[in-house]
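For the sequence shown, UniProt numbering assigns the number 1 to the initial residue and increments by one for each residue that follows.
Where a beta carbon is used, it is the ideal one built from N, C-alpha and C, also for glycine.
This report refers to the structure that appears directly beneath it.
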Amino acid sequence: MNRRGHLLRIKQLTPEMVRGMPDTLFVLDDNMQRASPSDRAEALRREPNVIGLPTRWALGDDPAALFGDADWRSNGIFQTISDVFDEIEAALVHGRTVVVPSAGFGQAGSDLPRRAPEIHAFITGRLQELETDYPG
1 MNRRGHLLRI
11 KQLTPEMVRG
21 MPDTLFVLDD
31 NMQRASPSDR
41 AEALRREPNV
51 IGLPTRWALG
61 DDPAALFGDA
71 DWRSNGIFQT
81 ISDVFDEIEA
91 ALVHGRTVVV
101 PSAGFGQAGS
111 DLPRRAPEIH
121 AFITGRLQEL
131 ETDYPG
């Protein structure tokens with residue numbers, strides 16, 4: 001029997017939730033430096049069943065810390081984001097549940113819809129494809 005995974009959206013997760021569901025893969029907004037804004041975020045990042053999807057270069061409010069569409073194909077962003085989606089899809093193919101933020105990726109501080117609409121469209125499109133193929 002070929003068991004298919006499921007893609008689920010969740011509003012907020014905690015380290016306790018992540019630890020309590022070790023077979024589930026949790027995907028979080030991240031940055032290319034893999035730096036954490038808080039102890040809570042760092043605690044989540046250290047869990048073996050958590051991966052980050054980069055939606056900005058670095059933490060902070062400096063405009064240079066944010067992605068722009070001009071960076072999309074030339075600075076490794078496309079490949080890095082594609083690799084994360086490959087990892088997500090591999091988990092789903094192997095029957096794992098994958099949890100993503102209910103708001104999607106690149107909202108709030110990253111501001112992808114406005115600053116990098118091409119990157120945002122790619123992320124949103126891939127997420128919608130996976131939700132269609134692996135409904136929760």
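Considering just the uninterrupted stretch of the alpha helix (DSSP H) at residue i, what are its terminal residues?
{"i": "Gly-136", "result": "Here Gly-136 belongs to no alpha helix (DSSP H), and DSSP marks it neither H nor E."}
Spatial neighbours of residue i within its chain, please: C-beta separation below 7 Å, excluding the five flanking residues on both sides.
{"i": "Asp-111", "result": "Leu-66"}
{"i": "Val-84", "result": "Ile-51 and Leu-53"}
{"i": "Asp-23", "result": "Arg-96"}
{"i": "Leu-59", "result": "Asn-31, Ala-35, Pro-37 and Ala-65"}
{"i": "Arg-19", "result": "Glu-47"}
{"i": "Gly-136", "result": "His-6, Leu-7 and Leu-8"}
By Cβ distance below 8 Å, which residues in the same chain neighbour residue i in space, the five residues on each side in sequence not counted?
{"i": "Arg-4", "result": "Leu-92, Val-93, Gly-95 and Tyr-134"}
{"i": "Pro-15", "result": "Arg-40, Ala-43, Leu-44 and Glu-47"}
{"i": "Ile-77", "result": "Met-32, Pro-54, Phe-67, Asp-71 and Ile-119"}
{"i": "Thr-80", "result": "Met-32 and Pro-54"}
Provide the residue span of the beta strand (DSSP E) that contains residue i, from first to last.
{"i": "Leu-112", "result": "Here Leu-112 belongs to no beta strand (DSSP E); instead the alpha helix (DSSP H) covers 112-115."}
Tell me which residues share the same chain as residue i and place their Cβ nearer than 6 Å to its Cβ, disregarding the 5 neighbours each side in the sequence.
{"i": "Leu-130", "result": "Leu-7"}
{"i": "Pro-113", "result": "His-120"}
Contact defined as beta carbons within less than 8 Å: I believe residue i pairs with residue j. What is the distance between those atoms, to the nearest angstrom?
{"i": "Pro-117", "j": "Asp-61", "result": "20 Å between Cβ atoms; not a contact."}
Quiz item: Is there contact between the stretch 101-120 and the stretch 1-15, where contact requires at least three CB pairs shorter than 8 Å?
Solution: yes
Self-check item: Uninterrupted beta strand (DSSP E) stretches inside the UniProt domain "DUF7831" (11-124) (no shorter than 3 residues)
Solution: 25-30, 50-54 and 97-101
Quiz item: On the three-pair Cβ rule with 8 Å, is the stretch 72-89 touching the stretch 113-126?
Solution: yes
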